[in-house]
Structure formats: C-alpha cells, structure tokens
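Just below is one structure, and these are the notes that go with it.
Chains as they are written, first to last, in our numbering: chain A, 2 to 360; chain B, 2 to 156; chain C, 503 to 631.
As structure tokens, then:
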C-alpha cells in the first residue's frame, strides 16, 4: 500500500503565466484529489461599482480580464441597456459582433500557443502567437488598443469602422485562414499532440452537464451550450452552429477551440457582408432602475454580468460570474486519477483565466 | 546596446494583473518582437533570474510571494514594474484588497507605463533595466559594494 | 430588443432546498449563485437554465441566518458558496468542500458586506457634486 503525499502546484509555476494554487494529493504518481485555492489575483473590483458612475464602470468591467476585455465591457453595457430599454443601433450590434469574434480569435490563438508550450511543443507555441499578431493588428487599427480596446460604451460603440477598412479586413481573412489551417492540421493530426492529449483528463458528458461546465470545456464533452445562440448583439441574424466534440478529453477540448477559429472567421465574414449603414450609438438619458442577468459567450464560456440599479447614477451591485469559476469543479473532477505529469496539460485544457475568476 | 555584456534572463510574475500586461510580456518573446534574439529568456526559476518583471498591483495574498521570489533572486538584480497597476495600483487603486504598486513591497528600478503596456515599451523598459543591471554589477565589484543603488529610474 | 425573458421568483428559506431539487429533477444546470446586501438582509440568488430558458429563485434573509448548502444537489455549488462566505460572510451549512474562509484570502474580513475604499477624497473618482 503506497503512502499519500501532498504536492503543492503553484502559485508561481513555469507552465502558467498566472497564479493558481492546487494541493495535489498523490498516491505514487497518481492524483487522488486536487484542492484548488485562489485569491492571488483578487482585487475586489466589483465593489468599485458603488464608487463609479454607471457609464464609467465599463472601463473597470473591461479590466476584469485583459484577454477577453471587449466581451466583458460589452456584456456589462448590454445589461445596462436591457434595464434602461435602450435600443442600440444595428450597426453598433454588428461592430460589437465583429470585435467579439476578433477577441475570440486572439484568445483562442493565445490559448493554443500556451497549450502547445504546456506540452513542450515550443515551435507550435511561437507559430500560434505569430498568427495572433495579425488579429491584434486589426484590433489595434480599428479600436486603438491591442488587448484592452475600450471601444464599447453604454448605448453603442465609440468608434465606427470605415467601409474601406471593412473591405480590407474581409480580404485579409483569406490568407489568414490558410495559415490557420496549417496550424489546425498540426493540432488535430500531429502524433506528439495526440500522444499528450488523447484520453487525458476525461470529463464524461453527463458529469460535464451536472457540474455546470461551460464553453469549450463543456462543448468538448458534448454539452452544446453556447450563449451566442441567445442571439445577443447581431448573432441572432448570423448563421451559426456551436462546435461540439464528444470524447471529453484534452484533445476534444483543444479540437473545439481549433474548430471555433474557423466559425469565428465565418461569423466575421457574414457580419462584414451584412453590416448596415447608420448610426453607431444613441444618447442614453436617465439612470438604470432594475436588474438584469446579462449573458454572453466569452472565449472560455458563458459569462454572466448581473447588474442591479436603484435609479441613481451609481449601480448598487455588480456581480461578474466568469466561466473559469464555473469550470473549476469540472477541473477538480478531471484531475482525479490522472498522472502528475499530465496535471499542467489538464489545468491548461480548461483555459483558466485567473484574472477573470478572482476579479 | 554595446553595454550588454551578458544575456539577461527574466522572470515574470503576475501579481494581481488583469492579464493584459502579462500577455504583452509574453508577446515580447514571440516572433514579431522576439527578444530572445538578444539572449533574453523567460525563466521560471528565481535563482536563474537577473531581471524580475512584475505586472499588476500587490494584494494581501501575493505580497509574501513577491517578496519571497525577490529574495531568492541572486544579486545583482533589477525589478521592472510593467503597467500602471504595478506602478501605482492603477484603476484598481481604491479596491480594498490592493495595497498599491510593487514598490510598496520591493524596490523597483524601472517603471513601464501603459494599460496595457505595449510590447515596445516593455522592451524599452527591459533595455533600460540592462543599464541598471550593469551599474549594479560594477558597484558590487567595488570594495564598498554595499552601496544602495535602488534609486529608481523613472522612464 | 429584449435578449431573453428572465423569471425571478422570491421564495422562503424553508422551501429553498425543495425548489432547487425540483430544478435538478427538471434537468436544469446551475448557472450561478450570488449574494447582494440589501440594508440588513442578504438577497441570495440561485440561477438555473435549461434549453436557454433562464430562471432565478431568490431568498431574502437576515444577515446572520444560516443558509443550507445546495452542494448536495449540485456538486459544483461549493465554489459559489465558499465565495459568498468569504466575500459576504454568508453562513452556509453543510458544504461538501468547505474551505473555511480560505478560498479567497482578503485583507478585510467579509469585504463585500461594507465595501471600504482607499484614498477617499483624492483623484478623479471622488464623488462629484
């Protein structure tokens, strides 16, 4: 009978750029139990909402996380707009969709790179991040910011994209897609990737649903939950089906993200082709009075921004439920019975965003 | 960069950043910016480190971690605070859990502004840090090598 | 344009567990749980979803009330319950994984009960007249 030992993993760990701490209970090389502890990046930013006026809080919401900042800002704005009954112009909806999908591309490429790095596939890491710069260039050109865009506001968007730029973005997508196909081929078919990810960290479909797994973590286990199906922003007018894989291992979760790169490109193409002319924002008068659970699909899964106003310019309560927080219980289940050497790959496979999670 | 006598190794720690600056630090290492061509390597081991790059402000839980990592880095060492949160706490300055910039805990040599700091300014900050590192190295060679050199070079 | 209809029902503390169980039996998933302080009470929300229909049940309890854990029904609820405990000081009875206040370690005990801010009266964030 072997002895149980506890190995601390993190907070500063070479594989993860962000601090998460796990206590791994091991029996020989096998993980029996994993206990997460968080709080290294906790800032308490939700309390700031009582200090800021509601249009200013967009900047705080965006800085919840630097990877999916646009979607955080947009979801918060959506919540306020729903409470106040603001009709956002159509063009703004399309622009939000375009920027959301570019954010998703940049986030997924970032993650694919880190995942490759976690497997020790340095070359692939570099190649993913090289392609990611193309996306960042577009974001920078159209919004002014590389990772924190600041282009969303309550009532619309701050900037319009000129028609000529939209045209060029559309034609630039073709060579970009070819480059991504090369990357996708490696992630889906390379022996060394398959060796590290197939059958590792299995989360069966029924468990994934019961534990509330969202985003690619859930969709990798056959749970077809995608908030874009609720049709917020312009998604209701675009043709879209969520990507689902059924094996529930690290390979499936990786495959979902790889395939979502191409859905994102497709959605951007549709949005640019359909985008109507018109205003990009409406003037918002008055203060929010009421509450709403604003939901959207972040690169990591379902994001919920709860806002509750009392008719003054200061909101009473903001609650940000980020997908990583929800994906922690599934992660704990995934790790039971895995080998110590696979822990980094499994932790990465849920795409943990600690900055988001702890707020 | 004629004064660059060696290839500095950097270590990056995310204090309580939103990730924006972290991914820009990583972006510096990847093909477009590629600081590895200067021999700059991102290491995970404090004992291998010359330049300690910190993003984000200090909070209750990570202050001991930052201090601990700093103490483990051998002399001479240089601390670069990347982004406005590491400099002063930034947009989160008022939060109850944020104690302020990195300089509340450890001496900082180079401050890199920006939210999120751009890769260009991060590289500039690291190049400035190389100068500080060289100065510290020479001071260590002198007999009265105990002189305090953590004056803080504002960029 | 309304994105989706959201129903919120206010229920008694005593019927909470039964209600949550019925959501589980209908095949809902737990979307989120959170707490808001309203004067001397805590408003605790439990949100569920099935096939894109979003429903919330809400209890309003005095601040020192002990709330039963729903982690026996939804295993993953422990993360929200520990979070509520650490941030607001909500007493939760019978969590399956109890961090005993160590999930989020903060400089202030139960910081979200009465948020405090640093640097009052300075900078652009100061209350404008």
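Ideal Cβ placement from N, Cα and C applies to all residues, glycine included. Everything numeric in this text was worked out from a predicted model, so none of it was measured.
query                                                                                                                                                                            : result
In the DSSP assignment, find the unbroken alpha helix (DSSP H) run with residue 16(B) in it and report its ends.                                                                 : No alpha helix (DSSP H) contains residue 16(B), which DSSP labels as neither H nor E.
Give the single residue among 97(B), 113(B) and 138(B) whose Cα lies nearest to the Cα of residue 25(B).                                                                         : 113(B)
Are the region 36-55 of chain B and the region 11-26 of chain B in contact at 8 Å, needing three or more beta carbon pairs?                                                      : yes
By DSSP, does residue 543(C) sit in helix, in strand, or in coil?                                                                                                                : strand
Of the residues 142(B), 123(B), 61(B) and 94(B), which one's Cα is nearest the Cα of residue 81(B)?                                                                              : 123(B)
Residue 619(C) versus chain B: which residues are under 8 Å apart at the beta carbon?                                                                                            : 95, 96 and 97
Which whole-angstrom value is the C-beta distance of residue 32(A) and residue 275(A), which I expect to be below 8 Å?                                                           : Contact doesn't hold; Cβ gap of about 49 Å is too wide.
Check the Cβ-Cβ distances between residue 305(A) and every residue of chain C, and say whether any is below 8 Å.                                                                 : yes
Identify whether residue 153(A) lies in helix, strand or coil by the three-state DSSP scheme.                                                                                    : strand
Using a Cβ-Cβ distance cut-off of 8 Å, determine whether residue 134(A) contacts chain B.                                                                                        : yes
Listing by chain order, which chain B residues have their CB less than 9 Å from the CB of residue 608(C)?                                                                        : 60, 61, 62, 97 and 98
If you draw a straight line from the C-alpha of residue 44(A) to the C-alpha of residue 307(A), how long is it?                                                                  : 18 Å
State yes or no: is the beta carbon of residue 613(C) nearer than 8 Å to at least one beta carbon in chain A?                                                                    : yes
Run through the DSSP bridge pairs and tell me what residue 38(A) is partnered with.                                                                                              : 22(A)
Using beta-carbon positions only, say whether residue 1(A) and residue 166(A) come within less than 8 Å of one another.                                                          : With chain A covering only 2 through 360, there is no way to say anything about residue 1(A).
Note down the Cα distance separating residue 212(A) from residue 551(C), rounded to an integer number of angstroms.                                                              : 13 Å
Going by C-alpha to C-alpha distance, which of 61(A), 111(A) and 130(A) sits closest to residue 34(B)?                                                                           : 130(A)
Rounded to whole angstroms, what's the CA-CA distance from residue 153(A) to residue 58(A)? Just pull it up for me.                                                              : 11 Å
Just to confirm my understanding: we take residue 126(B), look at its own chain, exclude 5 residues before and 5 after, and list those with CB closer than 6 Å. What are they?   : 81, 111 and 113
Which of the three DSSP states is assigned to residue 299(A) in this structure?                                                                                                  : strand
Given this structure, state the Cα-to-Cα distance separating residue 531(C) from residue 187(A), to the nearest angstrom.                                                        : 35 Å
Residue 109(A): buried (16+ other C-beta within 10 angstroms of its C-beta) or exposed?                                                                                          : buried
Excluding the five sequence neighbours on either side, which residues of its own chain have a C-beta within less than 6 Å of the C-beta of residue 49(B), listed in chain order? : 10
Per the contact definition of three or more C-beta pairs closer than 8 Å, is the region 57-65 of chain B in contact with the region 564-581 of chain C?                          : no
In the DSSP assignment, the alpha helix (DSSP H) including residue 219(A) goes from what residue to what residue?                                                                : 216-220
May I ask you to report which of helix, strand or coil DSSP gives residue 290(A)?                                                                                                : strand
Using the Cα positions of residue 284(A) and residue 270(A), report the straight-line distance between them to the nearest angstrom.                                             : 29 Å
Using DSSP's beta-bridge definition, name the partner residues of residue 579(C).                                                                                                : Partner(s): none; residue 579(C) has no beta bridge.
By how many angstroms is the C-alpha of residue 52(B) removed from the C-alpha of residue 27(B)?                                                                                 : 15 Å
May I have the straight-line CA-CA distance separating residue 84(A) from residue 524(C), to the nearest angstrom?                                                               : 29 Å
Which residues does DSSP pair with residue 10(B) in a beta bridge?                                                                                                               : 42(B)
Output, in chain order, the set of chain B residues within a Cβ distance shorter than 7 Å of residue 356(A).                                                                     : 18, 19 and 20
So which residues of chain A does residue 24(B) contact, with C-beta pairs closer than 8 Å?                                                                                      : 18, 67, 68, 111 and 148
Find the residues of chain B that neighbour residue 106(A), judging by a C-beta separation of less than 7 Å, and give them in chain order.                                       : Neighbours of residue 106(A) on chain B: none; closest Cβ ~14 Å, over 7 Å.
Straight-line CA distance for residue 230(A) to residue 301(A)?                                                                                                                  : 15 Å
By the 10 Å Cβ neighbour count, where 16 or more other Cβ atoms means buried, how is residue 618(C) classified, buried or exposed?                                               : exposed
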